[in-house]
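Residue numbers (full-length UniProt numbering): 2 to 457.
Working notes for the structure below.
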Ligand code: FAD
């Protein structure tokens with residue numbers, strides 16, 4: 002007998018409950034990935050993510066081949082393609098991971114109906130994409146936690162399952178064919194410095210990072226130039242790594258650094274449970290603030306300067322250029338560029354979120370939109386009106402200016418603090434470097450924001 006395993010954003014062989022269950026239930030399985038145009042229409046089709054996805058699929062296929070199987074890829078409507086494969090192989094069951102977004106839940110429901118109408122069963126497995134399934138940890142009287150700290154307390158008290166080993170052998174019926182796998186080379190406009198995707202790259206990175214950097218995570222994670230965070234977010238986004246396994250292995254390593262790192266992984270689940278309970282928070286203010294974000298030609302010009310990394314604030318520009326070059330940005334950079342856009346320029350967080358989603362390889366609706374809302378003060382931050390001053394941020398988190406020099410070549414050769422305040426250079430020197438003057442004064446920005454939020 003045959004079972005189908007439908008892979009979505011869980012592109013791995015280790016710690017994969019649907020795969021484990023399917024292999025237990027059947028002699029042969031069809032590991033299936035459907036390229037559904039509806040996912041692309043919903044905004045997924047950013048080049049960086051498509052390229053990383055191609056790497057992940059190639060690696061999954063390779064991993065399956067080493068075990069005697071292969072990956073089957075189809076293009077089309079998910080329910081239609083799964084049904085065709087199920088009929089072709091006469092599979093009784095389809096296994097997949099539970100999704101949390103409105104889209105994922107609607108897809109699951111449609112698939113369930115299509116399979117049941119055909120006399121087959123859909124089995125949905127929890128805690129594949131997140132450590133704790135959304136909706137499982139809730140305060141009494143509400144469907145989700147709106148504040149992180151109490152959520153974290155409850156989240157951290159739960160036990161995490163022991164990671165499941167990858168299967169040794171996989172048998173795939175030869176009656177079912179695959180389309181050619183997509184390749185990274187087919188994708189245009191990919192960021193030059195984009196990391197390589199895939200489960201093997203993810204596992205190497207995890208092992209290496211835990212042994213070399215985890216111990217100093219607490220002190221080092223905010224240091225922009227040190228670049229000492231795990232950079233696991235794209236692998237977690239595509240499920241090339243299981244978040245539960247990452248937590249399990251970090252805890253096994255132990256220490257304050259590993260625990261601080263695990264706390265960051267809790268943020269990922271936290272945002273998922275907010276979005277799952279409030280799907281509209283993807284586009285609407287979670288806590289409406291009556292902001293009248295700037296619009297018009299001036300706003301457009303400032304937005305463009307921000308996107309291009311030409312605001313005249315070196316640390317902001319460095320981070321924006323890192324995003325363009327790598328399809329990834331350091332968390333401290335995300336915080337300070339988002340604060341600059343929403344609070345100093347007073348531009349709508351949705352504009353910033355859209356630009357991030359167009360480039361971020363780890364870009365996802367829950368973590369991107371809800372982090373943006375957190376920074377904009379329309380989300381779950383309990384101090385919604387705090388403003389990050391880019392100059393103070395630069396001095397604190399890029400102390401000697403190495404991060405700015407790495408990403409803003411116009412300022413090469415300058416030491417700190419000048420590198421963070423190029424407006425102090427003589428007019429001649431500034432002209433020679435070709436770096437823009439600040440597009441706004443921080444004092445004016447702060448004034449405007451305080452006046453706008455005054456009534457809050
Ligand atoms: P590490 O510091 O090594 O942390 C480990 C893991 O914890 C990360 O891989 C990530 O999965 C999780 N994590 C850490 N911080 C957060 C956080 N604040 N929220 C949720 N998860 C977190 N993260 C995304 O995965 N996708 C996004 O689209 C995204 N958009 C963001 C937008 C803004 C405006 C901000 C401020 C943050 C955003 N983040 C997003 C969160 C965070 O910046 C990234 O997860 C982190 O920078 C990834 O780098 P890392 O893997 O080295 O993180």
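Cβ coordinates follow ideal geometry from the N, Cα and C atoms, glycine included.
Just so it is clear, the structure is predicted and the values come from calculations on it, not from any experiment.
Query raised in the report: Are there three or more Cβ pairs, one per stretch, closer than 8 Å when the stretch 268 to 276 is compared with the stretch 325 to 336?
Result: Judged by Cβ distances under 8 Å, the stretch 268 to 276 makes no contact with the stretch 325 to 336, as fewer than three pairs qualify.
Requested in this report: Identify whether residue 126 lies in helix, strand or coil by the three-state DSSP scheme.
Outcome: For this step, residue 126 is matched to residue 125 along the chain shown. Of the three classes helix, strand and coil, the one that applies to residue 126 here is strand, per DSSP.
Query raised in the report: From this set, 197, 390, 159, 71, which residue's C-alpha is nearest residue 446's C-alpha?
Result: Against the chain shown, residue 446 aligns to sequence position 445. Here the closest residue by C-alpha is 390.
Query raised in the report: Which one of 184, 242, 99 has the shortest CA to CA distance from residue 164?
Result: Position 163 of the chain shown, counting from 1, holds the residue named residue 164. Nearest C-alpha to residue 164: 242.
Query - residue 459 burial status per 10 Å Cβ neighbour count (16 or more: buried) - result: Residue 459 falls outside the range modelled here, since the chain spans only 2 to 457, and no answer is possible.
Query - Secondary structure of residue 326, DSSP reduced to three states - result: Mapped onto the chain shown, residue 326 falls at position 325. Looking at residue 326 - three-state DSSP - the assignment turns out to be helix.
Query raised in the report: If you count every other CB in all the chains shown that lies within 10 Å of the CB of residue 291, and 16 or more means buried, which is it?
Result: Sequence index remark: in the chain shown, residue 291 carries index 290 (1-based). With fewer than 16 other Cβ atoms within 10 Å, it is exposed.
Query raised in the report: Where does residue 368 land, buried or exposed, given buried means 16+ other C-beta within 10 angstroms?
Result: As a first step, residue 368 must be located in the chain shown, where it is residue number 367. It is buried - the Cβ of residue 368 has at least 16 other Cβ atoms within 10 Å.
Query - Beta-carbon proximity of residue 218 to residue 255, cut-off 8 Å - result: Taking the first residue of the chain shown as position 1, residue 218 is located at position 217. Taking the first residue of the chain shown as position 1, residue 255 is located at position 254. It is not a contact, given that the beta carbons lie outside the stated cut-off.
Requested in this report: Please list, in chain order, all residues of the same chain as residue 246 whose beta carbon is under 7 Å from its beta carbon, the five residues on each side excluded.
Outcome: Taking the chain shown and counting its residues from 1, one reaches residue 246 at position 245. Counting only Cβ-Cβ distances below 7 Å, and skipping sequence neighbours, we find 15, 16, 164.
Query - Buried or exposed by the 16-neighbour rule on C-beta atoms within 10 Å, applied to residue 386 - result: Along the chain shown, read from residue 1 onward, the residue named residue 386 stands at position 385. Counting every other CB atom within 10 Å of its CB across the protein chains shown gives residue 386 a total below 16, marking it as exposed.
Report task. Excluding the 5 residues preceding and the 5 following residue 216 in the sequence, name in chain order all residues of the same chain whose CB lies nearer than 6 Å to its CB. Result -> Counting from one through the chain shown, the residue named residue 216 turns up at place 215. For residue 216, where only same-chain residues beyond five positions count, the Cβ hits under 6 Å are 256, 258.
**Report entry** One or two residues paired with residue 36 in a DSSP bridge
**Finding:** Position 35 of the chain shown, counted from the first residue, corresponds to residue 36. Answer by DSSP bridge pairing, in chain order: 76.
Report task. Kindly indicate the opening and closing residues of the beta strand (DSSP E) around residue 261. Result -> Working through the chain shown from its first residue, we reach residue 261 at position 260. Counting along the chain, residue 261 falls outside any beta strand (DSSP E), though it belongs to the alpha helix (DSSP H) covering 257 to 278.
Requested in this report: State yes or no: is the C-beta of residue 343 within less than 8 Å of the C-beta of residue 287?
Outcome: Your numbering for residue 343 matches position 342 in the chain shown. Your numbering for residue 287 matches position 286 in the chain shown. The answer is no: Cβ separation not under 8 Å.
Query raised in the report: Quick one: what does DSSP say residue 45 is sitting in, helix, strand or coil?
Result: In the chain shown, the residue the question calls residue 45 occupies position 44. Annotated three-state conformation of residue 45 is helix, per DSSP.
Query raised in the report: Would residue 76 be called buried (16 or more neighbouring beta carbons within 10 Å of its own) or exposed?
Result: On the chain shown, residue 76 is found 75 positions in, with the first residue counted as 1. So residue 76 counts as exposed.
Query raised in the report: At which residues does the alpha helix (DSSP H) containing residue 352 begin and terminate?
Result: Taking the first residue of the chain shown as 1, we reach residue 352 at position 351. That run of the alpha helix (DSSP H) goes 350 to 360.
Query raised in the report: By Cβ distance, which residues of its chain are closer than 6 Å to residue 437, with the 5 residues on each side in sequence left out?
Result: The sequence position of residue 437 within the chain shown is 436, counting from 1. Counting only Cβ-Cβ distances below 6 Å, and skipping sequence neighbours, we find 311, 313.
**Report entry** Run of the alpha helix (DSSP H) containing residue 143, from where it starts to where it stops
**Finding:** Here residue 143 is taken as the residue at index 142 of the chain shown, counted from 1. Segment: none, residue 143 is in no alpha helix (DSSP H) and carries neither H nor E.
**Report entry** Secondary structure of residue 8, DSSP reduced to three states
**Finding:** Sequence index remark: in the chain shown, residue 8 carries index 7 (1-based). Residue 8 falls in the strand class under three-state DSSP.
Query raised in the report: Going by beta carbon distance, what residues of the same chain come within less than 7 Å of residue 373, once the five residues before and after it are set aside?
Result: What you label residue 373 is simply residue 372 of the chain shown in a count that begins at 1. Excluding residues within five positions, the ones whose Cβ falls inside 7 Å are 339, 350, 353, 354.
Query raised in the report: Is it the case that the CB of residue 305 approaches a heavy atom of the ligand SAM more closely than 7 Å?
Result: In the structure shown, the ligand SAM is absent; the only ligands present are the ligand FAD.
Query - Any non-hydrogen atom of the ligand FAD within 7 Å of residue 274 CB - result: Here residue 274 corresponds to residue number 273 of the chain shown, with the count starting at 1. No, the Cβ of residue 274 stays beyond 7 Å of every heavy atom of the ligand FAD.
Report task. Have a look at 308, 48, 376, 90 and flag the residue whose alpha-carbon is nearest the alpha-carbon of residue 364. Result -> Residue 364 sits at position 363 when you count from the first residue of the chain shown. Its Cα nearest to that of residue 364, the residue 48 stands out among 308, 48, 376, 90.
Query raised in the report: For residue 70 versus residue 171, is the C-beta spacing smaller than 8 Å?
Result: In the chain shown, residue 70 corresponds to position 69, counting from 1. In the chain shown, residue 171 corresponds to position 170, counting from 1. Yes; because the gap between Cβ atoms is below 8 Å, this pair is in contact.
Query raised in the report: From residue 392 to residue 419, what does the alpha carbon distance come to, in whole angstroms?
Result: Here residue 392 is taken as the residue at index 391 of the chain shown, counted from 1. Here residue 419 is taken as the residue at index 418 of the chain shown, counted from 1. Between residue 392 and residue 419, the C-alpha separation is close to 11 Å.
Report task. Measure the CB-CB distance between residue 97 and residue 7 and report whether it falls below 8 Å. Result -> Translated into positions along the chain shown, residue 97 becomes position 96. Translated into positions along the chain shown, residue 7 becomes position 6. Contact: yes.
Requested in this report: Below 8 Å CB to CB, which residues in the same chain sit around residue 190 once its five sequence neighbours on both sides are set aside?
Outcome: Numbered from its first residue, the chain shown carries residue 190 at position 189. If we look at residue 190 and ignore the five residues flanking it on each side, its Cβ neighbours are 48.
**Report entry** Local conformation of residue 285 per DSSP, three classes
**Finding:** The sequence position of residue 285 within the chain shown is 284, counting from 1. Reduced to three states, the DSSP call for residue 285 is coil.
Query raised in the report: Taking 7 Å as the cut-off, is the CB of residue 364 close to at least one heavy atom of the ligand FAD?
Result: For the purposes of this step, residue 364 is identified with residue 363 of the chain shown, where counting begins at 1. Checking the Cβ of residue 364 against the ligand FAD gives yes.
Query raised in the report: When every heavy atom of the ligand FAD is checked, does at least one fall within less than 7 Å of the C-beta of residue 449?
Result: In the chain shown, the residue the question calls residue 449 occupies position 448. For the ligand FAD, not one heavy atom lies less than 7 Å from the Cβ of residue 449.
Query raised in the report: Apart from the five residues on each side of it in sequence, which residues of its chain come closer than 6 Å, Cβ to Cβ, to residue 152?
Result: Counting from one through the chain shown, the residue named residue 152 turns up at place 151. Excluding residues within five positions, the ones whose Cβ falls inside 6 Å are 146, 271.
**Report entry** Alpha-carbon to alpha-carbon, residue 239 and residue 121
**Finding:** The residue given as residue 121 occupies position 120 in the chain shown. The residue given as residue 239 occupies position 238 in the chain shown. Cα to Cα, residue 121 sits roughly 28 Å from residue 239.
Requested in this report: If I'm right that residue 79 touches residue 112 with Cβ under 8 Å, what's the distance once you round it to whole angstroms?
Outcome: Position 78 of the chain shown, counted from the start, is the residue given in the question as residue 79. Position 111 of the chain shown, counted from the start, is the residue given in the question as residue 112. That pair is a contact at about 6 Å.
Requested in this report: Tell me residue 98's beta-bridge partners as DSSP assigns them.
Outcome: Here residue 98 is taken as the residue at index 97 of the chain shown, counted from 1. Residue pairing by DSSP places residue 98 opposite 126 in a beta bridge.
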